[in-house]
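Report on the following structure.
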Amino acid sequence: FEPADFWKGILARGYFYISVRYMDLFTCCEEPGVDNAAIDPWLEETLRQWHADFPPTDEEKYRNQVIHDQYQNNKNPFIDHPEWVDLICDF
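Sequential numbering from 51 applies to the sequence shown in the working numbering.
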């Protein structure tokens with residue numbers, strides 16, 4: 051399965067957010083590609099490529115702001131600062 055291009059960057063940034071936000075807290079879901087909140091290297095490589103190829107759109111940035119303002123009072127930092135992905139060597 052490979053998602054449509056529209057979703058690739060969005061999914062990648064979602065995975066990155068969950069990996070960082072729930073590191074050492076997320077204790078379920080040992081599935082192909084993930085081990086708890088950690089992303090397996092083969093999947094991380096693909097997600098990094100999708101993140102680079104499909105940067106945050108204005109729509110994604112708007113949705114991130116609405117989630118912050120109306121629901122969670124926090125944001126996915128990789129939407130506002132996509133360059134931060136390159137500062138993390140292992141999700």
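The C-beta atom is built at its ideal place from N, Cα and C for all residues, glycine as well.
- Close CB contacts of TRP100 within its chain, under the 6 Å cut and outside five residues either way in sequence, are with LYS58, GLY59 and ALA62 (chain order).
- Listed in chain order, the non-local C-beta contacts of PRO105 below 8 Å within the same chain comprise GLY59 and PRO132, local neighbours out to five positions each way being set aside.
- Take PRO53, set aside five residues on each side of it, and the residues of its chain with a beta-carbon closer than 7 Å to its own are LEU61, in chain order.
- Going by C-alpha positions, ASP130 is about 15 Å away from TYR65.
- ILE138 is not a Cβ neighbour of VAL84, given a cutoff of 9 Å.
- In the structure shown, ILE89 falls within a strand segment according to DSSP collapsed to helix, strand and coil.
- Between the alpha carbons of ILE117 and LYS111 lies a gap of roughly 10 Å.
- For TRP134, there is no enclosing alpha helix (DSSP H), since its DSSP letter is neither H nor E.
- By the Cβ-count criterion, ALA87 is buried, with 16 or more other Cβ atoms from all chains shown falling within 10 Å of its own Cβ.
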